[in-house]
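Engineer:
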Amino acid sequence: MKKTSFKTQLPRLTLVAVLLAGSYLTAPALHAQNLPTLGDTGREDLSPVMERKLGEEIMLGIRADPDYIDDEVAAEYLNDFGSRLLEVHQEARGDANFDFYFFTVRDPMINAFALPGGFIAVHSALVVLAQNESELASVLAHEIGHIAQRHIARMIGNQKQDFLIPIASLILAALTMRSNPDAAMAVAIGGEGLAVQRQLDFSQNAEREADRVGLQILRDGGYDPSGMVAFFERMQSSSRGYSDNFPAFLRTHPMTSERIADIQSRIQSETFKKHIDSPDFQLFRSRIRVLQDESAQALLETKSYFEDQITHAISLKKPYPAAEYGLAFIAFKQNNFKEAQVYLDKARKESGRETGNDVSSLFFTSLQLDILLRSKQNPAALKAAELALQEFPVSRGIGRQYTDALIANQHGEQAITYLRDQTLLYRKDFGLQEQLAKAYAAEGKEALQHLALAESYALSGAISPALDQLDIARRSPDATYYDHAIIDARERDLRERYKDELEALKKQGDKK
Ligand SMILES: [Zn+2]
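Just so you know, the sequence shown maps onto residues -32 to -1, 1 to 480 in mature numbering (1 follows the signal peptide of the UniProt record, and there is no 0).
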């Protein structure tokens, strides 16, 4: 009984893995107008609520992966950028009004992928390759197209809550192994070669449909759709160079000329305004170029890359703030704070964005605060952080730096008040809880510190360490009667969740 039900599960899961692993470079060679129906007719799609839950579950694993680029400034830029694309097509958020989240992962392959529920990843190599905002937008718009058209939800089909965790771990496994072609293919094929082949047809049509929706989003968002063609062409030529370590799946389904020609024919009769990029786009690329490999050797190589850029720019009599910014960020990473400051000042001067609120950049402001904080210029850091917070009131990264500056200047109480307000606004942000724990620690509030740490672990999906922290909180000498009540209630919730997860994983094990 159980064996048969697994049979029907397996193809669906593995196919999702295939779609996700190569969602960007797969080829839409077919010319059907509508999406074909999937194998079993009458099967329902995964509900939007379950789709979101599945996406969140996968994200817990991705955030814990060392290749996840955990950088507030880059994330804020990318999410501002992505939400502006969605502004003109709110319907892409679907019935459940998905709160999209865009992020970057370290990966030398030029690719991007969409996860269930509105989570979109871009590989670092893709960010570095994109020459302008229209090119980056074309990739994000394509991935938004996959989610808007519910491609993944349709492939997975309706699932019970119990299956979410096993599906999430399967997708995660496929993602983790995406840079190890042989292993990835083993997961993807899993002895169900026929089913996979059948599904590829769907995937090719899905690619084409995502291109079509993406093009519309791109155009209506005021970007230059020829950026899509230009970028796809560059992706096509770059992917040729990868033939040795490219997964077999991508080798046999490259970005095709048909796909590019298809987009070209859609846009040829139209005229477009040229899109003017935000200067932050180049700063974003510089930052990702540094973050994609932070080993000592790689930082030296990236440094000489930026130095070459500057030499080249000087010969053309052009400004080069993004390269100066890159050098400032590298110097900061190497703990050369004086040098970082010199380059940052140069970058600001070059960009003409030295002073005044309307011309400042989150990239500059945040690096300035980091330099002041790390070099222990505490009063200056607090002064700069207060100004920065006025300038970027909704930036969570600046908010965190502001509380770091408060703590460094022995104003822990103020930091606690600010952070507690923030946790009410952003209930799922485990970084905020972690920062709150730091602020409590600075004030010597032991029970509350461990309670906040427990929340932080729980939000990041680490239930067992969260339970340990609750235990420490309970034994803290300063735990009040009120704290005990909260600790007990949280423990009951978490134990329940822990039990459910273990059972879900056990069910999956039984079926093997
Ligand atoms: Zn795609």
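In this text, a Cβ means the ideal position worked out from N, Cα and C, and glycines have one as well.
All values derive from a computational prediction rather than experimental measurement.
#1: Do you know offhand how far Glu292's Cα is from Ala281's?
#2: Helix, strand or coil, according to DSSP, for Ile88 in the structure here?
#3: Could you name each continuous beta strand (DSSP E) segment of 3 residues or more that falls completely within the stretch 42 to 87, going from the start of the chain to the end?
#4: For Lys286, does the count of other Cβ atoms within 10 angstroms reach 16, so buried, or fall short, so exposed?
#5: If you compare alpha carbons, which of Pro289, Leu419 and Leu140 is closest to Asp248?
#6: With three or more C-beta pairs closer than 8 Å as the rule, is the stretch 365 to 384 touching the stretch 404 to 412?
#7: State the DSSP-derived secondary structure class of Tyr288, mapped to helix, strand or coil.
#8: Figure out for me which residue from Leu83, Asn47, Leu138 and Phe199 has the closest Cα to the Cα of Val96.
#9: As an exercise, report each continuous alpha helix (DSSP H) stretch of at least 4 residues that is fully enclosed by the stretch 375 to 405, in chain order.
#10: For Tyr449, which residues does DSSP report across the bridge?
#11: Is it the case that the CB of Ala105 approaches a heavy atom of ligand 1 more closely than 7 Å?
#12: Give the range of the alpha helix (DSSP H) segment to which Ala109 is assigned.
#13: With distances taken Cα to Cα, identify the nearest neighbour of Gly399 among Asp39, Glu12 and Pro445.
#14: Where does Arg443 land, buried or exposed, given buried means 16+ other C-beta within 10 angstroms?
#15: I need the boundaries of the alpha helix (DSSP H) containing Glu226, first residue and last residue.
#16: Cβ of Thr333 within 8 Å of Cβ of Glu359?
#17: How do the stretch 54 to 61 and the stretch 92 to 107 stand: do at least 3 beta-carbon pairs fall below 8 Å, yes or no?
#18: Residues bridged to Tyr36 by DSSP?
#19: Return helix, strand or coil for Arg219, following the three-state DSSP convention.
Structural biologist: Inspection of the coordinates gives the following:
#1: For Glu292 and Ala281, the gap between their C-alpha atoms comes out near 11 Å.
#2: DSSP places Ile88 in strand when its eight states are reduced to three.
#3: Counting only runs of 3 or more residues that sit fully inside the stretch 42 to 87, the beta strand (DSSP E) segments are 69 to 73 and 80 to 83, in chain order.
#4: Within 10 angstroms of the beta-carbon of Lys286 lie fewer than 16 other beta-carbons, which makes it exposed.
#5: The option with the nearest alpha carbon to Asp248 is Pro289.
#6: Touching, yes.
#7: Three-state result, Tyr288: coil.
#8: When Leu83, Asn47, Leu138 and Phe199 are compared, the shortest CA-CA separation from Val96 is found for Phe199.
#9: Counting whole runs of 4 or more residues, the stretch 375 to 405 contains the alpha helix (DSSP H) stretches 380 to 393.
#10: Bridge partners of Tyr449: none, in fact.
#11: Ligand 1 has no heavy atom closer than 7 Å to the beta-carbon of Ala105.
#12: In the DSSP assignment, Ala109 falls within the unbroken alpha helix (DSSP H) covering Glu101 to Ala116.
#13: When C-alpha distances from Gly399 are compared across Asp39, Glu12 and Pro445, the shortest belongs to Asp39.
#14: Taking all protein chains shown into account, Arg443 has fewer than 16 neighbouring C-beta atoms within 10 Å of its C-beta and is therefore exposed.
#15: For Glu226, the enclosing alpha helix (DSSP H) covers residues Ser225 to Ile235.
#16: Cβ distance < 8 Å, so Thr333 and Glu359 count as in contact.
#17: No: fewer than three Cβ pairs fall under 8 Å.
#18: Answer by DSSP bridge pairing, in chain order: Val73.
#19: Note that Arg219 scores 37 on pLDDT, short of 50, meaning its location in the model is unreliable; the coordinates nonetheless yield the value given after this. In the three-state reduction of the DSSP assignment, Arg219 falls in the helix class, which pools H, G and I.
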